[in-house]
Structure formats: C-alpha cells, structure tokens
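Under numbering that gives the first Met the number 0, the first residue of the sequence shown carries the number 0, and numbering increases by one thereafter. We put the CB at the ideal spot given by N, CA and C, even for glycine.
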Amino acid sequence: MKKPIYLDHAATSAPKPERVARRVHDYLLNEGLSAGRGGYERAMQIGREIENGRARLAKLLNA
0 MKKPIYLDHA
10 ATSAPKPERV
20 ARRVHDYLLN
30 EGLSAGRGGY
40 ERAMQIGREI
50 ENGRARLAKL
60 LNA
C-alpha cells in the first residue's frame, strides 16, 4: 500500500515548506489586509495572487 498523502493541512499547524512560511511571514508583516474585501489596488492584487495560487494548485491536482 502506498503511503497516504495528507491534504488537510488547513486543519493543523503542521510544518510548512520554508517558501510558504516566508511568504506568510512577509504577508503578516507587510500586508495584513483582507484579500478581495477592498476596492483599492493592493487588496485586489493580493486577491489575484490568491486566485492564481488556487488555479495552480487545481492544475497540480488535476481538479
């Protein structure tokens, strides 16, 4: 039997890849805004970054 792939990371604080931790750290220090909740350019840009990440993940998972 193959080793299962755990995809429920949102429910835990399991270790994340260093690249992810750096981006989250940068966001918390320098942004801290609610993506897609404001009409100003930076909020919309963060929203686009999130959507791009979701699209890339969907492609990776063939979803």
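The alpha helix (DSSP H) with residue i in it runs from where to where?
i	result
L56	40-59
A20	17-29
Quick one: measure Cβ to Cβ for residue i and residue j, integer angstroms, because I've assumed they're closer than 8 Å.
i	j	result
L28	A42	About 17 Å separates the two Cβ atoms, so there is no contact after all.
G52	G35	So it is not a contact: roughly 13 Å between Cβ atoms.
Let me see if you follow: with CB-CB separation under 7 Å, is residue i close to chain D or not?
i	result
A42	No chain D is present in this structure, which holds just one protein chain.
Rounding to the nearest angstrom, what Cα-Cα distance links residue i and residue j in this structure?
i	j	result
R21	G37	24 Å
Y5	Y39	37 Å
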